[in-house]
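Here the sequence shown is numbered in numbering that gives the first Met the number 0, starting from 0 and rising by one per residue.
In this text, a Cβ means the ideal position worked out from N, Cα and C, and glycines have one as well.
Small disclaimer: the values here were computed from a predicted structure and weren't measured.
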Amino acid sequence: MKVLIVGSGGREHAIASSVAKSDKVDKIYCAPGNAGIGMIAECVPIGAMEFDKLVAFAKEKEIDLTIVGMDDPLVGGLIDELEAAGLRAFGPRKNAAILEGSKAFSKDLMKKYNIPTAAYENFTDADEAIAYLEQADFPIVLKADGLALGKGVLICQNLEEAKEGVKSIMLDKQFGSAGNTLVIEEFMTGREVSVLSYVDGKTIKTMTSAQDHKRAGDGDTGLNTGGMGTFSPSPFYTKEVDEFCQKYIYQPTVDAMAAEGREFKGIIFFGLMLTEKGPKVLEYNARFGDPEAQVVLPRMKNDIIEVLEACIDGTLDEVDLQFEDNAAVCVVLASDGYPVKYEKGFVIEGLDKFEGQDSYFCFHAGTKKTEEGIVTNGGRVLGITAKGADLKQARANAYAATKWVTFENKYMRNDIGKAIDEA
Ligand code: AMP
Ligand code: GLY
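Following this line, the structure appears as structure tokens:
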């Protein structure tokens, strides 16, 4: 079959690598893709938000399955448009992708269906938000309702910071219309865990757990980024935690969406916080996490196409989802200065060392093929993933492999997965 993947980051490279392993697949296209994806797929210069062009391309090439990896096109309704043209597509429709697209929606859903999450209020008026903050306890969390490239969350230590936050989100529109509604949420403490799951509308099957490192600097210092590295599984995600979440969070979320007439088919990513009072939902995403996908997918034993098709067909209950009994660590190689200001266009050396490896992966994020070779083309450049018998071994392997590649201004965190050694 012919598969089209929509997106251009490390996540899409990880998806493409899994798709390439399927016996069912003869040809992979990726729109727009990147230099790494281009080694296993044909990249086509169509942007992820160019719906008409994507639909026309999928029709012309008789694509059997389109996999949409990114949040923006999912929230914008790309799946609906593909389906309207008679094409098969993996991902939630627009009315279900709202689970990620509107934090106010997802908070109201959790409240209505008693799914554990932080206490909150939604506001559309800045004065009302400030009046509420004047009575509130600190720290407190402000969240822009809509998609904001993962940057729409502000943790405010005092009233002054919070007022500043309300101004930048609601009045100055730092995140555009994503800030028309503001969620003000109770601050929680605890370990964070990401759990990705396949959902077919009724059945949910969770994948192995993972943990992201969002801050730019070692020891969780510096600015928030799209993710500087991940490990899987999380040792803090115990059997007891899993049992609780299966019963009170995962299936109830799928059932709640169905009850609202918003049947969810695709990936639900549960951002969880393990608080003293039990696991609570920090956020939902309607897609694979990035870089979580880069440690979870390499450990999946199933043929990904079979699982994705089962989600579309509503037969996920028949799938025996299995993961390897090992661990994986992904260290992101970024351009120095990310997430603020950085240079691009430096030649990357050493990429060939990953060829023919099956426990080491070099997932491309911001890269571009030029006449001089493959060059850096973004803040996050590569995700270096390695497997190992356990997390310690996987971590040692991943850091060893980070040395195989060099480029000017290469920057990485040196403590991805380190907390687990100390746990
Ligand atoms: P989100 O985009 O909702 O995952 O938020 C980004 C990050 O902000 C999370 O990964 C947490 O580290 C932090 N965060 C979000 N909500 C809360 C909360 N209610 N309490 C504490 N930290 C939070
Ligand atoms: N790693 C977090 C995300 O994909 O949103």
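Query raised in the report: By how many angstroms is the C-alpha of R298 removed from the C-alpha of E323?
Result: 5 Å
**Report entry** Spatially closest choice to L281 from E184, H212, G336, T220, by CA coordinates
**Finding:** E184
Query raised in the report: Taking one C-beta from the stretch 254-267 and one from the stretch 364-377 each time, how about it: are there three or more such pairs within less than 8 Å?
Result: no
Requested in this report: Return the residue from the list N33, V328, I129, V2 that minimises the CA-CA distance to G372.
Outcome: N33
Query raised in the report: Near E342, which residues of its chain fall below 7 Å by C-beta distance, leaving aside the five closest residues on each side in sequence?
Result: Excluding its 5 nearest sequence neighbours in each direction, E342 has C-beta neighbours in its own chain below 7 Å: S334, N408, listed in chain order.
Query raised in the report: Pick from S208, M256, K142: whose alpha carbon is nearest that of A96?
Result: M256
Query raised in the report: In three-state DSSP terms, what is E120?
Result: Looking at E120 - three-state DSSP - the assignment turns out to be strand.
Query raised in the report: When DSSP labels each residue in this structure, what does N376 get in the three-state scheme?
Result: coil
**Report entry** Exposure of D70, with buried meaning 16 or more beta-carbon neighbours within 10 Å
**Finding:** buried
Query raised in the report: Is the stretch 226-235 in contact with the stretch 205-216, if contact means three or more CB pairs nearer than 8 Å?
Result: yes
Query raised in the report: Leaving out the 5 sequence neighbours to the left and right, which residues in its chain are closer than 7 Å to K26 when beta-carbon positions are compared?
Result: Excluding residues within five positions, the ones whose Cβ falls inside 7 Å are K1.
Query raised in the report: Tell me which same chain residues have a C-beta within less than 7 Å of the C-beta of E120, skipping the five on either side of it?
Result: Excluding residues within five positions, the ones whose Cβ falls inside 7 Å are Y131, I183.
Query raised in the report: With 16 other CB atoms within 10 Å as the buried threshold, where does M142 fall?
Result: Note that residue 142 is Lys in the sequence shown here, rather than Met. Looking at its Cβ environment, which holds 16 or more other Cβ atoms inside 10 Å, K142 is buried.
Query raised in the report: Quick one: does the C-beta of A186 sit closer than 7 Å to a heavy atom of the ligand AMP?
Result: Checking the sequence, you will find Phe at residue 186 rather than Ala. It does: the Cβ of F186 is within 7 Å (strictly closer) of some heavy atom of the ligand AMP.
Query raised in the report: Based on the DSSP secondary-structure assignment, which residues constitute the bridge partners of F360?
Result: T384
Query raised in the report: Quick one, are the C-beta atoms of I114 and Y236 less than 8 Å apart?
Result: no
Query - Strand pairing of V26, partner residues [DSSP] - result: Here residue 26 turns out to be Lys, not Val, going by the sequence shown. In the DSSP output, where bridge partners are listed per residue, K26 has K1.
Query raised in the report: Can you name, in chain order, every residue of its own chain whose Cβ lies under 8 Å from the Cβ of K106, other than the five neighbours on each side?
Result: T116, Y119, N121, V182, E184
Query raised in the report: From which residue to which residue does the alpha helix (DSSP H) around T401 run?
Result: 390-401
Query raised in the report: Buried or exposed: M206, going by 16 or more other Cβ atoms within 10 Å of its Cβ?
Result: buried
**Report entry** Sequence-distant residues of its chain with Cβ nearer than 7 Å to I36 (five each side left out)
**Finding:** E11, H12, A15, C29, C42, H363
Requested in this report: State the Cα-Cα distance for the pair G200 and D254, rounded to the nearest angstrom.
Outcome: 8 Å
Query - beta-carbon L148 near the ligand AMP non-hydrogen atom, thresh 7 Å - result: no
Query raised in the report: Is there contact here, the stretch 146-161 with the stretch 81-93, by at least three beta-carbon pairs under 8 Å?
Result: no
**Report entry** Between the CA atoms of E239 and S17 - distance to the nearest angstrom
**Finding:** Going from the Cα of S17 to the Cα of E239 covers about 30 Å.
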